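At position 177 of the sequence shown (counting the first as 1) the number is 177 in full-length UniProt numbering, and the numbers step up by one without a gap. Positions of the beta carbon are idealized from the N, C-alpha and C atoms, including for glycine. Keep in mind that this is a model prediction, so the values were computed, not measured. Encoded as C-alpha cells, the structure appears first; notes follow it.
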Amino acid sequence: MLRKLFGKHYTAADFWNWFSKHSDDYFQLEEDRLESLFQKLNRQISKINEDLSFEFSAELVEGKREFIISADGILSAFQDVINLVEQAPPLDGFKIIAFRQKGDIQDLPSIEFEDITLAPDHVFFTYRKNGDTLDIVLYIQGYDADSEDWIPASFILLDLIVGEYDVATKLGSIDFLPYAEGPNLKSIVELPAVVDREINGISK
Numbered sequence: 001m002l003r004k005l006f007g008k009h010y011t012a013a014d015f016w017n018w019f020s021k022h023s024d025d026y027f028q029l030e031e032d033r034l035e036s037l038f039q040k041l042n043r044q045i046s047k048i049n050e051d052l053s054f055e056f057s058a059e060l061v062e063g064k065r066e067f068i069i070s071a072d073g074i075l076s077a078f079q080d081v082i083n084l085v086e087q088a089p090p091l092d093g094f095k096i097i098a099f100r101q102k103g104d105i106q107d108l109p110s111i112e113f114e115d116i117t118l119a120p121d122h123v124f125f126t127y128r129k130n131g132d133t134l135d136i137v138l139y140i141q142g143y144d145a146d147s148e149d150w151i152p153a154s155f156i157l158l159d160l161i162v163g164e165y166d167v168a169t170k171l172g173s174i175d176f177l178p179y180a181e182g183p184n185l186k187s188i189v190e191l192p193a194v195v196d197r198e199i200n201g202i203s204k
C-alpha cells in the first residue's frame, strides 16, 4: 500500500538497468539522434539527482566510449555521483568516470560557451590560502561583468585545469575581475602546481 501511495524509489540499479538496455545507442551516438538521446538520458539521470549531468567522449578511447557523470561542481550532489559510478555494472564499450577530469595542461582547448570564447592564456590568478582551501581571484582578458556567460565558461576551464572534484573541495571563494597587469599574477596553467604545493603538500 505504501509503495503504491508514494511510488517506488528510483535507484542507481534502476538507472543502470535502463542504460544497459540502451547502451548500444549511446556507444554509437549517431549525430542525427543526439538531441533525443541526451534528452532521454537526462530524464533518467535527473531521477537520481536533478543536479547531475553527463558527458561522452567524442572519440573512442582505447575502443571505449568515456561516459562522464558530473555534479556540475555542486558539492551536495557529489555523493550521488560517487554512488552511481560505484554501482555501475561492467559495460562493454564504456568507461564510466566520476566527475570531469583535468586535461593535459600543455594542450588545453579554448572554452566555447554561448557567445564567449575563453582561452587559457587569457586567464590569470592570485590566491590566498584559507585553511585547507585556496581562495582565488581570476583576472580574465575581455571579462565583462554584465555578461553571465563568463562565470560558467570559467568553471568549465577550471574543471579542465584541476578537475571538478578539486575545484569543489580544494578551492574556496572564486572571484572574477577584468585583466590588469600586476606583479603577482600567475598564469592559470600554474594553478595545479599551486594546489599541489599549498593544499596537497606536494612540491615538484
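Contacts around residue i, its chain only, beta-carbon distance under 6 Å, and the 5 residues preceding and following it disregarded
{"i": "residue 1", "result": "Note that residue 1 has pLDDT 41, beneath the 50 cutoff, so the model's placement of it is unreliable and no number is given."}
{"i": "residue 129", "result": "198"}
{"i": "residue 9", "result": "none"}
{"i": "residue 234", "result": "In this structure the chain extends from 1 to 204, so residue 234 is not present and cannot be described."}
{"i": "residue 58", "result": "none"}
{"i": "residue 181", "result": "none"}
{"i": "residue 96", "result": "67, 85, 88"}
{"i": "residue 141", "result": "122, 179"}
Among the options, the one whose alpha carbon lies nearest that of residue i
{"i": "residue 82", "options": "92, 70, 175, 89", "result": "70"}
{"i": "residue 115", "options": "148, 38, 101", "result": "148"}
{"i": "residue 125", "options": "22, 20, 177", "result": "177"}
{"i": "residue 110", "options": "35, 85, 150", "result": "150"}
{"i": "residue 73", "options": "181, 158, 44", "result": "158"}
{"i": "residue 23", "options": "49, 40, 186", "result": "40"}
{"i": "residue 191", "options": "104, 200, 162", "result": "162"}
{"i": "residue 101", "options": "166, 143, 146, 62", "result": "166"}
{"i": "residue 99", "options": "84, 93, 185", "result": "84"}
{"i": "residue 11", "options": "141, 146, 46", "result": "46"}
{"i": "residue 62", "options": "104, 105, 94", "result": "94"}
{"i": "residue 154", "options": "146, 117, 132", "result": "117"}
Close beta carbons around residue i, own chain, < 8 Å, minus the five adjacent residues each side
{"i": "residue 56", "result": "26, 29, 65, 66, 67, 68"}
{"i": "residue 5", "result": "Model confidence at residue 5 stands at a pLDDT of 44, short of 50, so the residue's coordinates are unreliable and nothing is read from them."}
{"i": "residue 108", "result": "120, 157, 160, 161, 189"}
{"i": "residue 105", "result": "161, 189, 192"}
{"i": "residue 143", "result": "150, 176, 177, 178, 179"}
{"i": "residue 44", "result": "15, 18, 19"}
Limits of the beta strand (DSSP E) - the one that residue i falls within
{"i": "residue 54", "result": "53-56"}
{"i": "residue 71", "result": "From DSSP, residue 71 is part of no beta strand (DSSP E); its letter is neither H nor E."}
{"i": "residue 117", "result": "116-118"}
{"i": "residue 112", "result": "111-113"}
First through last residue of the alpha helix (DSSP H) which encompasses residue i
{"i": "residue 99", "result": "That residue, residue 99, is in no alpha helix (DSSP H); it is neither H nor E in DSSP."}
{"i": "residue 127", "result": "Taken as a continuous stretch (DSSP letters only), residue 127 belongs to no alpha helix (DSSP H), being part of the beta strand (DSSP E) at 123-130."}
{"i": "residue 169", "result": "164-170"}
{"i": "residue 35", "result": "34-46"}
{"i": "residue 137", "result": "Premise fails: residue 137 lies in the beta strand (DSSP E), 133-140, not in any alpha helix (DSSP H)."}
{"i": "residue 84", "result": "78-86"}
{"i": "residue 191", "result": "191-195"}
{"i": "residue 149", "result": "Here residue 149 belongs to no alpha helix (DSSP H), and DSSP marks it neither H nor E."}
{"i": "residue 145", "result": "Where residue 145 is concerned, there is no enclosing alpha helix (DSSP H), given that its DSSP letter is neither H nor E."}
{"i": "residue 12", "result": "12-28"}
Beta-carbon contacts of residue i that lie in its chain and below 7 Å, excluding the five residues immediately before and after
{"i": "residue 127", "result": "134, 135, 136, 194"}
{"i": "residue 75", "result": "168"}
{"i": "residue 49", "result": "77, 80"}
{"i": "residue 3", "result": "Residue placement at residue 3 is poorly supported in this model, since its pLDDT is 42, which falls under 50; the coordinates still yield a value, given next. So the list is empty, once near-sequence residues are dropped."}
Touching by the beta-carbon criterion (3+ pairs, under 8 Å), the stretch 132-143 and the stretch 164-175: yes
Cβ contact check for the stretch 6-21 and the stretch 83-91: 3 or more pairs under 8 Å: yes
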